[in-house]
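Only one structure is covered here, and it is reproduced in the block below.
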Amino acid sequence: MNIKVNGENIKISDPLTINGLLKHIGLDDRRVAIERNLEIVPKSNYSVTNISDGDQIEIVHFIGGGNLNVNFKAGE
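The C-terminal residue of the sequence shown carries number 521 in the numbering used here, and the numbering is unbroken.
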């Protein structure tokens with residue numbers, strides 16, 4: 446089965462759910478948002494949403510951090 450993940454073609458051999466894909470590529474499902482074929486997949490549906498041949502998946506990673514100083518300016 447051929448799918449596209451974040452613009453990159455990927456071949457997978459077994460049918461997978463969104464959760465299965467995340468495990469396959471080593472991502473924690475608690476820190477991502479998923480779009481499948483231009484539709485946001487609710488986190489509650491990751492385990493029941495099957496990926497099909499030709500699907501386009503976009504994965505957005507959330508990374509903690511930042512500066513709590515409201516007067517902070519980039520480059521300073």
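All C-beta atoms in this analysis are idealised placements derived from N, C-alpha and C, irrespective of residue type, glycine included.
No experiment lies behind these values; they were computed from the predicted model shown.
Here the alpha carbons of Ser492 and Asn464 stand approximately 5 Å from one another. Sequence-distant partners of Pro460 (beyond 5 residues in either direction) whose C-beta falls short of 8 Å from its own C-beta, in its chain, are Met446, Asn495, Ile496. Straight-line measurement puts the Cα of Ile455 at about 21 Å from the Cα of Arg476. By the neighbour-count criterion, in which 16 or more other beta carbons inside 10 Å mark a residue as buried, Leu483 falls on the exposed side.
In the three-state reduction of the DSSP assignment, Ile457 falls in the coil class, being assigned neither a helical nor a strand state. Here the alpha carbons of His506 and Val450 stand approximately 13 Å from one another.
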